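Okay, so here's the structure we're looking at.
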Amino acid sequence: MQNTKNNNQDSSALLNTEFNSLKVETNKGVAFVTFHHGEINVLDMVSVMELVQLAQFLEEDSNIKVIVFQSSNPDYFLSHADFKLLQEFRDQGAYDSDEMPLYSGLLEKFRTMPKATIAKIQGRARGGGAEFAMAMDMSFGEIGKAFLSQMEVIIGILPGGGSAQYLARKIGRSRAMEICLGGGDFSAVEAEKYGYINRALSSTEIDSFVDELAYRIASYPAQAIALNKAAVNLFEEGRSNEFITSNAWFAELVKAPDFDKRVEHFFAQGGQTRNGEMENWSEWAPKLTDKN
């Protein structure tokens, strides 16, 4: 992760807001958002609500044209949802509605926001974290450090933030099936080959490459950036109905007994800890199988 400096000409509520799960720096029209939340940057209530607040600030800030997301954690970019939180939401009836889920709505806001968004992945991005990267306009991964995975099937659910749909459009049906049904990690090199990310870059390249790209885009007129992005997004209009359908299936799986059994096995064997999730997520498949 490369350090950035605040530009005093960039005035925004961003710099006056104290976040717990992330840090924001702005420079020359670029906002650098750095995740730093616990052992693995898990998506819990704190981090999700702060991302919702951040998205609102970014959308309203006319000084910001480009947003780069990165992590201070050398092993994790952004992890999956806190599975215990999903259980709490379920028990509170959060999945009984036909409305677009909070996290799906957040990703849609970033996908359609009239600003360029970039994920600089130098660690593991899994589940909701991988979905976050998919919602960005561009994503770049560091060779040997970046790993992406839609591992939800192993825990007994499906991608709840729309990643199945993102992937099918982005890389094609068969490759999306391999990612969503296989559940394993894809390295930066493999992800680039599949079109999962834009490029796999070495540790000596990625910071300078992303910085140069971000600052170059930020030098363009804001309206030109916004309308170029809108023009590309035209082929994806009408996604809201997909989210509603997918969310109904997600709710069905979260309510199934298999999910609770797998979550119990997961936490009992060191899940949701730095050391517990360093290996390829496919290694969890035999561990979470109910042997009774």
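Take any residue in the sequence shown, count from 1 to its spot, add 91: that is its number in our numbering. Quick reminder that beta carbons are idealized off the backbone N, C-alpha and C, glycines included. Note that the structure is predicted; figures quoted are calculated from it, not measured.
If you follow the alpha helix (DSSP H) that residue i is part of, which residue opens it and which one closes it?
i           : result
residue 320 : 313-324
residue 195 : 193-203
residue 144 : 136-151
residue 378 : 375-378
residue 304 : 297-309
residue 172 : Unbroken run through residue 172: none, as it is neither H nor E.
residue 272 : 264-273
residue 348 : 348-359
residue 244 : 243-246
Residue i and residue j: beta carbons closer than 9 Å?
i           : j           : result
residue 211 : residue 161 : yes
residue 199 : residue 191 : yes
residue 131 : residue 368 : yes
residue 188 : residue 313 : no
residue 279 : residue 267 : no
residue 344 : residue 247 : yes
residue 320 : residue 181 : no
residue 250 : residue 222 : yes
residue 239 : residue 277 : yes
residue 139 : residue 197 : yes
residue 204 : residue 243 : no
residue 166 : residue 218 : no
residue 304 : residue 209 : yes
By alpha-carbon positions, which one of the options ends up nearest to residue i?
i           : options            : result
residue 129 : 154, 202, 157, 173 : 173
residue 333 : 140, 255, 175, 309 : 255
residue 108 : 146, 278, 120      : 146
residue 372 : 113, 365, 163, 245 : 245
residue 302 : 116, 121, 220, 203 : 121
residue 293 : 284, 236, 183      : 236
residue 338 : 194, 144, 155, 125 : 194
residue 117 : 306, 379, 296, 359 : 306
residue 357 : 341, 342, 376, 348 : 376
residue 381 : 233, 350, 366      : 350
residue 229 : 159, 155, 114      : 159
residue 141 : 112, 310, 271, 353 : 112
residue 124 : 361, 163, 270      : 163
residue 299 : 233, 262, 352, 148 : 233
residue 327 : 261, 186, 143, 296 : 261
residue 364 : 133, 127, 126, 119 : 133
residue 185 : 360, 352, 342      : 342
residue 286 : 110, 263, 271, 272 : 263
residue 324 : 227, 354, 281      : 227
residue 126 : 224, 348, 252      : 224
residue 269 : 241, 289, 137      : 241
residue 310 : 144, 281, 119      : 119
residue 359 : 370, 379, 348      : 379
Less than 8 Å between the CB atoms is what I'm expecting for residue i and residue j, so what's the real figure, rounded?
i           : j           : result
residue 258 : residue 216 : With 8 Å as the limit, residue 258 and residue 216 do not qualify as a contact, their Cβ atoms being about 13 Å apart.
residue 176 : residue 135 : 6 Å
residue 297 : residue 308 : No, residue 297 and residue 308 are not in contact; Cβ-Cβ is about 17 Å, not under 8 Å.
Taking residue i as part of the beta strand (DSSP E), name the residues at either end of that continuous run.
i           : result
residue 117 : 113-118
residue 370 : Per DSSP, residue 370 belongs to no beta strand (DSSP E) and is neither H nor E.
residue 239 : 238-240
Quick one: what's residue i bridged to in DSSP?
i           : result
residue 220 : Per DSSP, none; premise fails for residue 220.
residue 156 : Residue 156 is not bridged to any residue.
residue 232 : 212, 291
residue 126 : 113, 162
residue 121 : 118, 157
residue 278 : 238
residue 186 : Paired residue(s): none; residue 186 is not in a bridge.
residue 207 : 157
residue 167 : 215
Just checking residue i against the ligand MG - is the residue's beta carbon closer than 8 Å to any of the ligand's heavy atoms?
i           : result
residue 196 : The ligand MG is absent from the structure shown, which contains no ligands of any kind.
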